[in-house]
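In numbering that gives the first Met the number 0, the protein residues as written are 0 to 252.
All C-beta atoms, glycine included, are put in the ideal place defined by N, C-alpha and C.
Just so it is clear, the structure is predicted and the values come from calculations on it, not from any experiment.
Structure first, then comments.
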Amino acid sequence: MRSKRDKRLIFGLLGRDIGYSLSPALYRSMWQEQGLNHTYRLVDTSEPEEFLSELRASDQWGGCNVTIPYKRWIIDHLDEISPQVKVVGAVNTVVRQDGKLVGYNTDVDGFRRSLIPLLTSDDRVALVLGSGGAAQSVLYVLNELEISTMVVSRHPHGAEIAYTALTDQLISEVALIVNTTPLGSTQYQGALPSIPYDAIDGHHLLYDLIYSPMETPFLREGRARGARTINGMKMLEEQAKAAWEIYSDKLGL
0 MRSKRDKRLI
10 FGLLGRDIGY
20 SLSPALYRSM
30 WQEQGLNHTY
40 RLVDTSEPEE
50 FLSELRASDQ
60 WGGCNVTIPY
70 KRWIIDHLDE
80 ISPQVKVVGA
90 VNTVVRQDGK
100 LVGYNTDVDG
110 FRRSLIPLLT
120 SDDRVALVLG
130 SGGAAQSVLY
140 VLNELEISTM
150 VVSRHPHGAE
160 IAYTALTDQL
170 ISEVALIVNT
180 TPLGSTQYQG
190 ALPSIPYDAI
200 DGHHLLYDLI
210 YSPMETPFLR
220 EGRARGARTI
230 NGMKMLEEQA
240 KAAWEIYSDK
250 LGL
């Protein structure tokens, strides 16, 4: 009888324009430490339906991670979603179980695990830049931690505010600013969210979910003014660990 350690499966990252991704290296490093020999692929496609058909049909696949622009789109194409996904409204981890596709969100775990060690007693009000799927994971964690939040959007709805509403006074009243937009990433090099950077000082913590490049213009502007800064690398590592915990548990690996 083959042991669980002998089981070899394919995993991957579903997204578009994701050649920069470090996910393959992260998973291979984890597997090497555990003496495992699975395969990890980048599924860079504009036709995700075709990939999901393959994922559902092939016993060789164990599941996939999901990134932009499919974190919300994929929900309607899954058989089941976790209770957390129902709240967050985004999926970044899919497990193939007996031909069914089940969606989870470990961005929440990654953000939580990476943020908590950095918080001080003064970090009780946050500004979240962006209102997409990544922002929902951030808001879920901030709500758990009882940190008051304001969401800034190019097209504000409900309680969200526009970038034009940001003033020096408002920036001075928040301690944590989280960039969930792609501005400053490999696809948008040199770009940065339009906020009053001159109002940032040493009491601020700037968190950018982007990890490539390692220091975005957003973080550079904050660091130049004495703010604490962190990029998305630690979150990426922690969400990958959380995803592998789910794969291992659900697939018996």
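Touching or not, the stretch 24 to 44 and the stretch 5 to 15, by the rule of three or more beta carbon pairs under 8 Å?
yes
To the nearest angstrom, how far is the alpha carbon of Ile-80 from that of Ile-74?
7 Å
Suppose only complete runs of 4+ residues qualify. What are the alpha helix (DSSP H) ranges in the stretch 70 to 141, listed by chain order?
82 to 87, 106 to 114
In the structure shown, what three-state DSSP assignment does Leu-13 receive?
strand
Tell me whether Asp-197 sits in a helix, a strand or coil according to DSSP, three-state version.
Correct three-state label for Asp-197: helix.
Given that a residue counts as buried once 16 or more other Cβ atoms are within 10 Å of its Cβ, and exposed if not, what is Lys-99?
exposed
Three or more C-beta pairs closer than 8 Å, one from the stretch 138 to 145 and one from the stretch 188 to 205: is that the case here?
no
Can you find at least 3 beta carbon pairs, one from the stretch 196 to 212 and one from the stretch 173 to 180, that sit closer than 8 Å?
yes
Closest to Thr-66 by CA distance: which of Pro-181, Asp-248, Gly-34 is it?
Nearest C-alpha to Thr-66: Pro-181.
With a threshold of 6 Å on Cβ separation, who are the neighbours of Trp-60 within its own chain once the five nearest residues in sequence on each side are excluded?
Ile-9, Leu-54, Arg-95
So, at 7 Å on beta carbons, what are the nonlocal neighbours of Gly-231 in its own chain, with the 5 sequence-adjacent residues on each side left out?
Closer than 7 Å at Cβ, skipping near neighbours: Asp-207, Leu-208, Ile-209, Tyr-210.
With a 10 Å radius around its C-beta and 16 neighbouring C-beta atoms as the bar for buried, classify Thr-179 as buried or exposed.
Buried is the call here.
Could you tell me which residues DSSP pairs with Asp-207 in its beta bridges?
Asn-178
Where Leu-253 and Val-93 are concerned, what is the direct C-alpha to C-alpha distance, given to the nearest angstrom?
No statement about residue 253 is possible, as the shown extent of the chain runs from 0 to 252 and does not include it.
Excluding the 5 residues preceding and the 5 following Pro-68 in the sequence, name in chain order all residues of the same chain whose CB lies nearer than 7 Å to its CB.
Arg-15
Which value, in whole angstroms, describes the spacing of the CA atoms of Leu-51 and Tyr-103?
16 Å
So, does the stretch 238 to 245 touch the stretch 17 to 27, judging by three or more C-beta pairs under 8 Å?
yes
Based on Cα-Cα distance, which residue from Ile-115, Asp-122, Phe-110 lies nearest to Ala-133?
Phe-110
Whole-angstrom Cβ separation of Ile-245 and Thr-105, contact assumed at under 8 Å?
7 Å
Throw me the rounded Cβ distance for the Gly-18 and Asp-43 pair, which I believe falls under 8 Å.
Right, the Cβ-Cβ distance comes to about 7 Å (below 8 Å), so this counts as a contact.
Once DSSP output is grouped into helix, strand and coil, what is the label at Asp-167?
Asp-167 falls in the helix class under three-state DSSP.
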